[in-house]
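A quick write-up on the structure given underneath.
In this note's numbering, the protein residues as written are 426 to 541.
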């Protein structure tokens, strides 16, 4: 086996995934075609895992294409899931009430998570 980290040949391609949060069962749009990620290693990243709706529909979309490996990652896990989905990788696990809101912001001059 070739270790991509040792050889410096790790190729990471970002793919934007658009999910309608109010109607997640609608068709999901991605910035890459299925042929571009077929038979590849894929990590689906979500900012906040709250109910699990966004993550479960995202996972469902990518399961329609053959992949080498498929993992999920979230920046913040709130532990309020209503779907049987889990993140393989977590940044933070927070115990919050359902009334609290977490916002993750990535801007050119700022990156932060805000709990209100």
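We put the beta carbon where it would ideally sit given N, CA and C, even for glycine.
Distance cut-off 7 Å: residue i Cβ against heavy atoms of the ligand ADP
i, result
"residue 465", "Summarising the ligand content, the structure contains no ligands, and the ligand ADP is consequently not present."
Local Cβ density within 10 Å of residue i, reported as buried at 16 or more and exposed below that
i, result
"residue 489", "exposed"
"residue 458", "exposed"
"residue 523", "exposed"
"residue 501", "buried"
"residue 471", "buried"
"residue 438", "exposed"
"residue 435", "exposed"
Residue closest to residue i, alpha-carbon to alpha-carbon, out of the options
i, options, result
"residue 460", "445, 528, 487 and 527", "487"
"residue 493", "528, 442, 464 and 447", "464"
"residue 511", "469, 491 and 452", "469"
"residue 530", "435, 513 and 473", "473"
"residue 447", "466, 478 and 462", "478"
"residue 453", "481, 515 and 513", "481"
"residue 491", "462, 519 and 513", "462"
"residue 484", "444, 521, 535 and 525", "444"
Sequence-distant residues of the same chain with beta carbon closer than 6 Å to residue i, five excluded per side
i, result
"residue 455", "440 and 442"
Close-in-space but distant-in-sequence residues of the same chain around residue i (CB under 8 Å, 5 per side omitted)
i, result
"residue 476", "505, 506, 507 and 508"
"residue 517", "500, 501, 502 and 538"
Nonlocal neighbours in the same chain, by C-beta distance under 7 Å from residue i, ignoring five residues either side
i, result
"residue 495", "467 and 487"
4-residue-minimum alpha helix (DSSP H) runs that sit fully inside the stretch 429-494, ordered along the chain: Counting only runs of 4 or more, we get 429-432, 459-462 and 478-487.
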